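Take a look at the structure below.
Chains as they are written, first to last, in my numbering: chain U, 4 to 195; chain E, 4 to 195; chain V, 4 to 195; chain A, 4 to 195.
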């Protein structure tokens with residue numbers, strides 16, 4: 004069994020997730036510039052989540068390239084990741100509509116944390132099926148970003164109850180860290 | 004005519020079904036933890052349906068792998084399955100919004116039953132085009148899960164009018180039974 | 004330039020059209036069987052449109068199989084077809100919500116008529132690029148169904164203002180006629 | 004790393020964008036012809052945006068055909084383009100619902116301008132990875148349409164505050180200009 008259909012299905016789900024988020028940006032009734040103002044936080048949270056989903060798509064792209072065949076367990080590990088990603092439009096909308104108040108900010112971080120956890124499970128399963136000495140295993144060996152980002156999400160969740168701006172700063176920081184493409188995997192797949 | 008486009012189209016429809024279900028999880032107006040409480044049943048029914056649609060995608064993936072060419076009848080048997088699957092977001096939303104009361108629970112089970120029926124028709128047609136001695140025919144010969152699940156759905160529908168929790172238990176049980184990947188098909192396609 | 008991406012994009016759009024139609028089936032607030040009753044016409048029009056979009060997908064599948072390369076004009080003829088198909092969810096929803104009253108019924112038929120026209124344009128362009136003696140040209144030579152269906156749609160539009168049931172009967176009849184797979188094309192592509 | 008998955012993902016997102024725009028065409032409650040009248044501007048703006056998204060899909064199709072491999076930077080340049088395209092349903096809906104009043108008209112043009120900018124960035128990156136003497140570099144050398152269209156969008160934005168019809172005329176003109184397929188690229192990819 005090849006990885007094509009797994010990629011195609013994941014692409015489909017991620018493409019829909021990234022696009023339905025924009026539906027939270029509801030068309031205002033008035034036609035003035037002032038009618039756009041309440042949409043600014045919704046727009047900003049859309050931008051942030053677009054980048055996060057883009058990062059996951061990008062890294063997913065690299066991760067599956069190291070994969071030669073698919074098992075039932077991998078299909079479910081992948082669906083588990085897609086499940087948590089599918090909640091991002093909800094948390095994005097809630098955070099945007101409530102001008103970044105504490106509980107929505109914390110929930111946003113919690114879903115990011117669960118996505119990171121699901122990613123880690125998927126990555127671990129792929130390493131398990133391919134052996135500890137595979138290119139992927141070596142590549143993710145010192146997965147620094149993978150270790151830092153959950154800490155940043157946790158910091159964002161805790162600080163959501165102290166200072167909203169601080170919390171946002173942690174989420175933006177984690178996104179910026181990931182925006183730099185994953186050289187380890189890119190290099191590893193290139194070497195194959 | 005090859006099976007690629009049939010797979011791609013089915014993947015597209017299933018990916019959209021699994022993702023638009025999350026739209027039932029409507030962003031609440033308040034920003035407190037209490038505002039999330041009414042969403043808990045909606046969330047739980049989303050989780051259950053996500054697993055069901057995931058199961059169908061997973062098994063569909065295996066089923067089509069046993070197929071070498073597509074006929075007009077197969078295209079329609081497949082569309083028939085997609086039709087019933089497309090009703091899952093509706094029954095999921097209704098069940099979730101009504102805190103698992105009887106009629107929505109029964110309708111949820113009815114649509115699952117029709118999906119199982121449509122699956123059985125599709126499987127039978129594939130066996131018919133490939134001959135009674137094909138790998139698929141032998142693999143599904145003693146299709147135990149395929150025979151138990153309609154019974155569980157029926158039990159869920161009947162018990163919906165007696166005890167909501169019992170009804171849900173049947174639906175969860177059927178999902179758990181299917182979560183175990185279909186070894187028969189996986190083995191059969193592997194042996195080819 | 005190959006036809007793969009044209010197929011993939013068309014599949015994507017058609018998959019979304021067929022799936023967002025179900026969003027018109029809005030979750031009712033009550034939880035009784037009576038709350039489902041107003042949804043019956045919406046459901047029936049969903050079934051009819053699901054079949055129509057399924058027919059177009061099915062025939063589109065056959066049509067593109069006769070195509071060896073794509074030109075700019077073909078891309079736009081295909082987008083033109085997708086445009087009219089994309090209006091089906093709207094006309095389906097309007098027809099369903101108004102219990103099949105005259106103007107919505109007529110508009111439903113008008114969009115079907117435009118889809119048939121767009122199909123005819125696409126088919127003509129493909130024949131033009133492949134020559135009058137191509138398999139497709141010979142296959143569609145006596146395109147009986149393609150000539151009958153616009154007449155049925157027109158009959159449906161006119162009778163919408165006389166008798167709603169008669170109008171619906173014409174649309175159902177046209178769908179039934181197309182449900183039979185297009186043997187001419189299926190045969191033609193098979194012979195290649 | 005090949006370009007297939009980049010194409011597939013872009014196709015998915017563009018297919019969803021083009022299709023969710025139709026959701027702004029909300030089913031009216033009444034069933035008369037008069038109930039359709041307020042939808043006319045929404046419909047017209049849908050037609051215009053459908054053509055714009057179609058143009059981008061069409062040209063994207065040609066652009067990626069000149070590409071042999073994908074880098075991390077290209078993935079993000081492509082996501083950047085998809086981001087701005089994803090805002091078109093919002094600006095289309097706002098413009099349609101407000102009968103083409105000035106701020107919505109200007110915002111519509113602004114998003115088109117940003118799409119053009121994102122396209123230019125993507126094109127420049129592809130030329131950069133493939134060298135100044137590549138077929139693409141030579142083909143886009145005198146990119147006349149690419150230079151005229153931002154001027155037309157700017158003219159549309161400015162005139163939105165003077166005369167709505169003039170502004171619309173600029174957007175329609177730019178679309179018509181692009182409707183003619185990009186012979187330069189089509190020729191260049193053909194010659195390869």
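Glycine included, each C-beta is placed from N, C-alpha and C at the ideal position.
Nothing here was measured: the structure is a model prediction, and the numbers come from that model.
Residue 194/A versus residue 99/V - alpha carbon distance: With a pLDDT of 47 at residue 194/A, under the threshold of 50, the modelled position of that residue is not reliable, and no figure is offered here.
Spatial distance of residue 17/U from residue 91/A (CA atoms): 19 angstroms
Distance CB(residue 95/U)-CB(residue 24/U) smaller than 7 angstroms: yes
Contact with chain V by residue 12/E, beta-carbon distance below 7 angstroms: yes
C-beta atoms of residue 114/U and residue 97/A nearer than 7 angstroms: no
Identity of the residue in 52/V, 163/V, 73/V, 78/V nearest residue 106/V by Cα: 163/V
Whether residue 170/A touches residue 34/U by CB criterion (7 angstroms): no
Residue 203/A vs residue 173/A beta-carbon contact at 7 angstroms: Given that chain A is displayed from residue 4 to residue 195, the structure contains no residue 203/A and the question cannot be resolved.
Chain A contact residues for residue 19/V, given Cβ-Cβ distances below 9 angstroms: 18, 19, 21, 22, 23
Reference residue 153/E; option with closest CA among 51/E, 117/E, 48/E, 65/E: 117/E
Residues near residue 122/V by beta carbon distance below 8 angstroms, same chain, minus five either side: 59, 62, 84, 149
Backbone secondary structure at residue 105/V - three-state DSSP: helix
Residues in the segment 35 to 66 of chain A having any Cβ partner in chain U nearer than 7 angstroms: none
Residue 19/A and residue 22/U closer than 7 angstroms at C-beta: yes
Under 7 angstroms between C-beta atoms of residue 197/E and residue 77/E: Shown here, chain E extends from 4 to 195; a query on residue 197/E therefore has no answer.
Where residue 33/E sits in the DSSP three-state scheme: coil
Beta carbon proximity, residue 28/A to chain U, threshold 7 angstroms: no
C-beta contact flag for residue 50/V and residue 28/V at 7 angstroms: no
Three-state secondary structure assigned by DSSP to residue 72/V: coil
Distance CB(residue 110/A)-CB(residue 167/A) smaller than 7 angstroms: no
Interface residues of the segment 74 to 102 of chain V facing chain E [CB-CB below 8 angstroms]: none
Proximal residues to residue 112/E (C-beta, below 6 angstroms), its chain only, five neighbours per side dropped: 156, 159, 160
Residue-level contact to chain V via CB, residue 15/A, 7 angstroms cutoff: yes
Cβ neighbour criterion (16 or more within 10 Å) applied to residue 71/E: exposed
Beta carbon proximity, residue 106/E to chain V, threshold 7 angstroms: yes
Within-7 angstroms CB hit, residue 128/U to chain E: no
Distance between residue 55/V and residue 79/E (C-alpha atoms, nearest Å): 12 angstroms
Terminal residues of the alpha helix (DSSP H) in which residue 14/U lies: 7 to 23
Reference residue 126/A, options 64/A, 40/A, 12/A, closest by Cα: 64/A
Helix, strand or coil at residue 165/V according to DSSP, with G and I counted as helix: coil
Partners in chain A for residue 153/U, counting only beta-carbon separations shorter than 9 angstroms: Simply none; closest approach about 23 angstroms.
Reduced DSSP category for residue 195/A - H, G, I as helix; E, B as strand; rest coil: In this prediction, residue 195/A has a pLDDT of 43, which is less than 50 and means its spatial position is unreliable; nothing more can be read from the coordinates.
When 131/U, 38/U, 176/U, 42/U are compared against residue 26/U, the one with the closest alpha-carbon: 42/U
Residue 14/E beta carbon less than 7 angstroms from that of residue 177/U: no
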